[in-house]
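Peer 1: For reference, the structure I am asking about is given below.
In the numbering used here, the protein residues as written are 1 to 257.
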C-alpha cells in the first residue's frame with residue numbers, strides 16, 4: 001500500500017463532503033443548543049447542567065451519524081455510477097487503497113465536525129456557568145469520534161454492495177441495534193427461554209457493541225472509568241473497524257462494474 005495514494009483519495013473525499021455544506025450542521029447545532037438551554041432554564045429546577053450536557057452530546061452523536069450514514073453510503077456507489085472508479089483503478093491504485101482513502105476522508109470530516117460541535121457545547125456551558133467536567137466531555141467526544149469512524153466503516157461496507165439509499169438505511173439500523181444489543185442480551189438472561197437467549201447472543205455477536213464507545217453518561221454524571229477498561233473498549237473499536245474495512249475491500253475487489 002502507498003500512503004501517498006491513500007492520502008490523495010482521503011483529501012478528495014474530505015473536500016467533496018465539505019462541498020455538501022456539512023459545516024452548516026455545526027451552525028444548526030449551536031442555534032438549537034442555545035434554544036434548548038434557554039428553554040430548560042424555564043422548566044427545570046437545578047438540573048439544567050446535566051440535561052444540557054446530555055442533550056448536547058446526544059445531538060452531536062445524531063448529527064455525526066447522519067453525516068456518516070448519508071455520505072458514507074454513497075462514497076463508493078457514486079464513483080461506480082459515474083464510472084470514475086474505472087479511471088482511478090486503472091491507475092496504480094489498489095482497491096484496498098481506494099477503500100482506506102474513502103474511510104479516512106470521511107472519518108476526517110466526522111472528526112472535525114465533532115470537534116467543532118464539542119467546542120460549541122463547552123462554550124455554551126461556560127457561558128451559562130454550568131458545572132461540568134471538561135475532561136469527561138473531551139473523553140466522551142474522543143470515543144464518539146471512534147464510534148463514528150466505526151459507523152463510517154459500516155456505511156462504506158454496505159455501500160460496497162448495495163445502493164446508496166439501502167446502505168444508508170442499513171447503517172442507521174446497525175447504529176441503533178449496536179446500542180441496543182447489550183441491553184437485549186441482559187434482558188434475555190432474565191427470560192427462561194434458551195431459544196430467546198441464543199437469538200440475543202447471535203444479535204450481540206453480529207452487531208458491534210456501540211455501548212462500549214458511548215461515554216455520554218460518564219460525562220453527564222461525572223463518573224470515572226478505569227483506564228484499562230477504556231483501553232479495552234478503544235481496542236475493540238479499532239479491531240472492529242479493521243475487520244469491516246477488510247470485508248469491504250474483499251467485497252469491492254470481487255465486484256464487477
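We treat Cβ as the ideally placed atom computed from N, Cα and C, and that holds for glycine.
1) Measure the alpha-carbon distance for residue 74 versus residue 120 and round it to whole angstroms.
2) Just how far apart, CA to CA, sit residue 151 and residue 39?
3) Out of 172, 52, 100, state which residue places its alpha-carbon closest to the alpha-carbon of residue 244.
4) Cutting at 8 Å between CB atoms, please list the residues of its own chain near residue 191, excluding the five before and the five after it.
5) Count the other CB atoms, across all protein chains shown, that sit within 10 Å of the CB of residue 21; report buried if there are 16 or more and exposed otherwise.
6) Helix, strand or coil for residue 1? Go by DSSP, reduced to three states.
7) Taking the alpha-carbon of residue 35 as reference, which of 56, 133, 146 has the nearest alpha-carbon?
8) Who are the Cβ neighbours of residue 17 in its own chain at under 6 Å, not counting the five residues just before and after it?
9) Classify residue 194 as buried or exposed, calling it buried when 16 or more other Cβ atoms lie within 10 Å of its own Cβ.
10) With contact counted as at least three CB pairs below 8 Å, one residue from each stretch, are the segment 213-230 and the segment 130-148 in contact?
11) Under three-state DSSP, which class holds residue 226?
12) Beta-carbon separation of residue 97 and residue 9 under 8 Å?
13) Give the DSSP-derived three-state secondary structure of residue 215 in the structure shown.
Peer 2: Inspection of the coordinates gives the following:
1) 29 Å
2) 32 Å
3) 100
4) 197
5) exposed
6) coil
7) 56
8) 71, 109
9) exposed
10) yes
11) coil
12) yes
13) coil
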